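**Student:**
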Amino acid sequence: MQAVTAPGDPVAVDCAVEMRNIHKRFGQVHANRGVDLAVRRGSIHGIVGENGAGKSTLMSVLYGFHEADEGSILIDGKPLRLTCPQDAIAHGIGMVHQHFMLVDRFTVLENIVLGAEGGLTLARGMNRARTEVTRLSLEFGLGVDSDARIRDLPVSVLQRVEILKALYKGARVLILDEPTAVLSPDETQQLFRMLLELRARGATILIVTHKLKEVMDLTDRVTVMRAGSVVATRDTPATTAGELAELMIGRRLGAVVPLRVPQAHPLAPRLRADDLHWRDAHGVTRLNGVSFTLHAGEILGVAGVSGNGQSELLELLAGLSRPQQGSFRIECADGKSRVVTAAHPCRPREMRRLGIAHVPEHRHRFALVLDFSAWESAALGYQDDADLRRGPFLAAAAMRERCKGLMRKFDVRPVDENLISSKFSGGNQQKLVLAREFARAPRVLLIGQPTRGVDIGAIEFIHARLRELRDDGCAVLLVSAELDEVLALSDRVMVMSAGRVTGVIPRLEATERRLGEMMGAGVVREVA
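Take the position in the sequence shown, starting the count at 1, then add 2; the result is the number in this note's numbering.
What follows is the structure, encoded as structure tokens:
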């Protein structure tokens, strides 16, 4: 095993970035503990670790978003004090955050120039900015419309806007926090090509990611963090994804779960969709005749390139929108059915009463109130349940105790029910949402991107909980942009393309090649 890089390692001789003995505390939480990091100039350097390991905090210190309590930062060998992002930007450091820092009602161009308008008049500065943004967009193949409003753009395009914003402000050191979490495979490859081109032009790139395959494919060097400290730094060609995973979690990974043999006689249907159609506000068809059946005791995985109707299907089934044509039928615990149509919609509150739980793809938009404490977020949507009320009032003490138990069961760190939701790492926010939705033993679980922004140890944990829920009889509809995840969890796989179901096949028949052909070919097989 290769030796761990120590402070003063020769790699630091030609460094774009050095961080020495960095400490950062948030109250009782010691997020960074004496971190040393040396990043070679003109390299792509990966930062990996479990949720809560301190990766994003360390990068926020480098970007000036947080000021270190102790330690020093050197850029191109010169010590700097970075007290705010403006300091970092002035020294050529840009950051693309995991959760985008964009103003929804502004255009792309307005967001990019925000805080750096330039010129004596706004119009002159905007004209120069438009020229430069167009040049950067064409040069790196980003294809972003400068006049589009942020609120009208899909998540994958918002990622490109953030990168354009950093490049426009002259970033020579570019930090990307979970940059591929919201991208399709094709978009990920486009991003990688852009990053490699930036590196070829002398840029230094730090990439925080949980996707070890991407670390192995893209980076030159990788640093592993655990519990706020650096535990290892490796030259990427000299390590493996398996070694990095075990360094991240401090133990050996569990054995691979064997494929589940499908039941000869499936359990009873829990949800039936029939010819569902839905168009967005611009008249674009997002769902086009979607039909399928979801059974108790199965995970039906939905595969497809992002943007092919999967998100709209989840939102429609969860009651966030209503079908414009077609219907779906929910089989209730009392033996009755509830049929949902345009004329008879079903709101999210009623869905929960019928035993349907929903873990949204976008936790910040639909699953959490970031200014709420953890115990408040853990009760969202269920605050009217009898065990969480005392007559007409909320039972705050009961909510706190319940939240504390859920946090322990789902390994949410830190176990602090009073901590504001925004203060948890993305992965721990996700586990808090999962704990809330799993706790009521739903009859149907609608779940989108269950492990987005989650580390490899937590992925193991979440997958195990999903299998347990399935084995207890829950019917699970799983949407994931990660084909590996769909294949690892599903009993059947449903492929969507251009808003249509192009096939439903048993997991044992599903291969990456076959699913890829179904995603692109549009050949419809009989829907089970």
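Glycine included, each C-beta is placed from N, C-alpha and C at the ideal position. For clarity, every value in this text was computed on a predicted model and none was experimentally measured.
Identify whether H47 lies in helix, strand or coil by the three-state DSSP scheme.
**Tutor:** In the sequence shown, counting from the first residue as 1, residue 47 sits at position 45. If DSSP states are grouped into helix, strand and coil, H47 belongs with the strands.
**Student:** Pick from R445, K411 and G172: whose alpha carbon is nearest that of A298?
**Tutor:** Working through the sequence shown from its first residue, we reach residue 298 at position 296. Taking only the C-alpha atoms, the option nearest A298 is R445.
**Student:** Just the C-alpha distance for V163 and H212, rounded to the nearest angstrom, thanks.
**Tutor:** On the sequence shown, residue 163 is found 161 positions in, with the first residue counted as 1. On the sequence shown, residue 212 is found 210 positions in, with the first residue counted as 1. When rounded, the distance between both Cα atoms is 22 Å.
**Student:** Between D89 and the rest of its own chain, which residues show a CB-CB distance below 8 Å, the 5 nearest in sequence each way excluded?
**Tutor:** On the sequence shown, residue 89 is found 87 positions in, with the first residue counted as 1. Answer for D89: G66, L82 and R83, listed in chain order.
**Student:** Put K80 into one of helix, strand or coil per three-state DSSP.
**Tutor:** Numbered from its first residue, the sequence shown carries residue 80 at position 78. K80 falls in the strand class under three-state DSSP.
**Student:** Using the rule of at least 16 other Cβ atoms within 10 Å of the residue's Cβ for burial, across every protein chain shown, is P394 buried or exposed?
**Tutor:** For the purposes of this step, residue 394 is taken as residue 392 along the sequence shown, with counting starting at 1. With fewer than 16 Cβ atoms within 10 Å of its Cβ, P394 is classed as exposed.
**Student:** Could you please give the first and the last residue of the uninterrupted alpha helix (DSSP H) stretch that includes K338?
**Tutor:** Against the sequence shown, residue 338 aligns to sequence position 336. Unbroken run through K338: none, as it is neither H nor E.
**Student:** Does DSSP put P271 in a helix, a strand or coil?
**Tutor:** Numbered from its first residue, the sequence shown carries residue 271 at position 269. In this structure, P271 counts as strand in the three-state DSSP scheme.
**Student:** Taking C-alpha atoms, which residue in R331, F294, L261 and L214 lies nearest to D544?
**Tutor:** Outside the displayed span of the chain (3 to 530) sits residue 544, for which this structure offers no information.
**Student:** Which term fits P362, buried or exposed, when burial requires 16 or more other beta carbons within 10 angstroms of its beta carbon?
**Tutor:** Residue mapping note: residue 362 aligns to position 360 of the sequence shown, counting from 1. Buried: at least 16 other Cβ atoms inside 10 Å.
**Student:** Roughly how many angstroms separate the alpha carbons of L197 and D389, rounded to a whole number?
**Tutor:** Working through the sequence shown from its first residue, we reach residue 197 at position 195. Working through the sequence shown from its first residue, we reach residue 389 at position 387. So the alpha carbons of these two residues sit roughly 52 Å apart.
**Student:** Between which two residues does the beta strand (DSSP E) carrying N420 extend?
**Tutor:** For the purposes of this step, residue 420 is taken as residue 418 along the sequence shown, with counting starting at 1. First-last for N420: undefined, no H or E at that position.
**Student:** Does DSSP put G393 in a helix, a strand or coil?
**Tutor:** Here the question's residue 393 lines up with position 391 in the sequence shown. Coil, per DSSP.
**Student:** Roughly how many whole angstroms lie between the Cα atoms of V217 and M250?
**Tutor:** The residue labelled residue 217 in the question sits at position 215 within the sequence shown. The residue labelled residue 250 in the question sits at position 248 within the sequence shown. If I take the Cα positions, the gap works out to 13 Å.
**Student:** Taking the straight line between their C-alpha atoms, what separation do you get for L318 and D147?
**Tutor:** Taking the sequence shown and counting its residues from 1, the one referred to as residue 318 is at position 316. Taking the sequence shown and counting its residues from 1, the one referred to as residue 147 is at position 145. C-alpha separation (whole angstroms): 29 Å.
**Student:** Would you tell me roughly how many angstroms separate the C-alpha atoms of L315 and L176, rounded to the nearest one?
**Tutor:** By 1-based counting over the sequence shown, the position of residue 315 is 313. By 1-based counting over the sequence shown, the position of residue 176 is 174. Taking the straight line joining both Cα atoms gives about 36 Å.
**Student:** E514 by DSSP, collapsed to three states: which one?
**Tutor:** As a position in the sequence shown, residue 514 is number 512, starting the count at 1. If DSSP states are grouped into helix, strand and coil, E514 belongs with the helices.
**Student:** Quick one: residues in its chain with C-beta nearer than 6 Å to the C-beta of L372, no 5 flanking neighbours on either side, listed in chain order?
**Tutor:** In the sequence shown, counting from the first residue as 1, residue 372 sits at position 370. Hits under 6 Å: S423 and S424.
**Student:** Whether or not the stretch 25 to 32 and the stretch 399 to 406 are in contact is what I'm after, with contact meaning three or more pairs of Cβ atoms, one per stretch, closer than 8 Å; do they touch?
**Tutor:** Too few Cβ pairs lie closer than 8 Å, so no.
**Student:** Among V19, G309 and E245, which has the Cα closest to the Cα of A205?
**Tutor:** Stepping through the sequence shown from its first residue, residue 205 is reached at position 203. For A205, the nearest C-alpha among the options comes from V19.
**Student:** For my contact list, G94 and M21 are in at a C-beta cut-off of 8 Å; report their separation, rounded to the angstrom.
**Tutor:** To locate residue 94, count along the sequence shown from 1; it is residue 92. To locate residue 21, count along the sequence shown from 1; it is residue 19. Not confirmed; about 16 Å, so no contact.
**Student:** How many Å lie between K80 and G36 at the Cα?
**Tutor:** Stepping through the sequence shown from its first residue, residue 80 is reached at position 78. Stepping through the sequence shown from its first residue, residue 36 is reached at position 34. Near 20 Å, if we compare the C-alpha coordinates of G36 and K80.
**Student:** Whose CA, out of M409, F374, H68 and M496, lies closest to the CA of M97?
**Tutor:** Residue mapping note: residue 97 aligns to position 95 of the sequence shown, counting from 1. The option with the nearest alpha carbon to M97 is H68.
**Student:** Can you find the residues in the same chain that come closer than 8 Å, C-beta to C-beta, to L155, ignoring five residues on each side of it along the sequence?
**Tutor:** As a first step, residue 155 must be located in the sequence shown, where it is residue number 153. Excluding sequence neighbours, L155 sits near V110 and V163.
**Student:** Taking the beta carbon of C86 as the centre, do at least 16 other beta carbons fall within 10 Å, making it buried, or is it exposed?
**Tutor:** As a first step, residue 86 is located in the sequence shown; it is residue number 84 there, counting from the start. Counting Cβ neighbours within 10 Å, C86 comes out exposed, since fewer than 16 surround it.
**Student:** Considering only their Cβ atoms, is the gap separating R274 from R331 smaller than 7 Å?
**Tutor:** Position 329 of the sequence shown holds residue 331. Position 272 of the sequence shown holds residue 274. Contact: yes.
**Student:** With DSSP collapsed to three states, give me the class of N53.
**Tutor:** As a working mapping, residue 53 is identified with position 51 in the sequence shown. Three-state result, N53: coil.
**Student:** Thinking just about the alpha-carbon of each residue, which of A344, G357 and I207 is nearest to the one in K338?
**Tutor:** What you label residue 338 is simply residue 336 of the sequence shown in a count that begins at 1. Closest option to K338, Cα to Cα, is G357.
**Student:** Return the CA-CA distance between T7 and L296, expressed in angstroms with no decimal places.
**Tutor:** Position 5 of the sequence shown holds residue 7. Position 294 of the sequence shown holds residue 296. Here T7 scores only 39 on pLDDT, less than 50, and its place in the model should not be relied on; the value that follows carries that caveat. Using only the alpha carbons, I get a separation of about 51 Å.
**Student:** With a CB to CB cut of under 6 Å and the five nearest residues on each side skipped, what residues in its chain are close to E300?
**Tutor:** Along the sequence shown, one-based indexing puts residue 300 at 298. D493.
**Student:** Are the stretch 467 to 475 and the stretch 500 to 518 in contact at 8 Å, needing three or more beta carbon pairs?
**Tutor:** Because the criterion of three Cβ pairs below 8 Å is not met, the stretch 467 to 475 and the stretch 500 to 518 do not touch.
**Student:** By Cβ distance below 7 Å, which residues in the same chain neighbour N430 in space, the five residues on each side in sequence not counted?
**Tutor:** Here residue 430 corresponds to residue number 428 of the sequence shown, with the count starting at 1. Cβ within range, chain order: N53, G54, V414 and R415.
**Student:** Could you name the residues of the same chain whose beta carbon sits closer than 6 Å to that of E479, not counting the 5 residues immediately before and after it, in chain order?
**Tutor:** In the sequence shown, the residue the question calls residue 479 occupies position 477. In the sequence on display, residue 479 carries Leu and not Glu. Excluding sequence neighbours, L479 sits near L296, L302 and L448.
**Student:** Assuming contact is defined by CB atoms lying nearer than 7 Å, are T235 and T242 in contact in what I supplied?
**Tutor:** Here residue 235 refers to the residue found at position 233 when the sequence shown is read from its first residue. Here residue 242 refers to the residue found at position 240 when the sequence shown is read from its first residue. No, the pair does not count as a contact, with Cβ atoms beyond the cut-off.
**Student:** Less than 7 Å between the beta carbons of A131 and V115, yes or no?
**Tutor:** As a position in the sequence shown, residue 131 is number 129, starting the count at 1. As a position in the sequence shown, residue 115 is number 113, starting the count at 1. In contact: A131 and V115 (Cβ atoms closer than 7 Å).
**Student:** From N420 to A376, what does the alpha carbon distance come to, in whole angstroms?
**Tutor:** Numbered from its first residue, the sequence shown carries residue 420 at position 418. Numbered from its first residue, the sequence shown carries residue 376 at position 374. Cα to Cα, N420 sits roughly 6 Å from A376.
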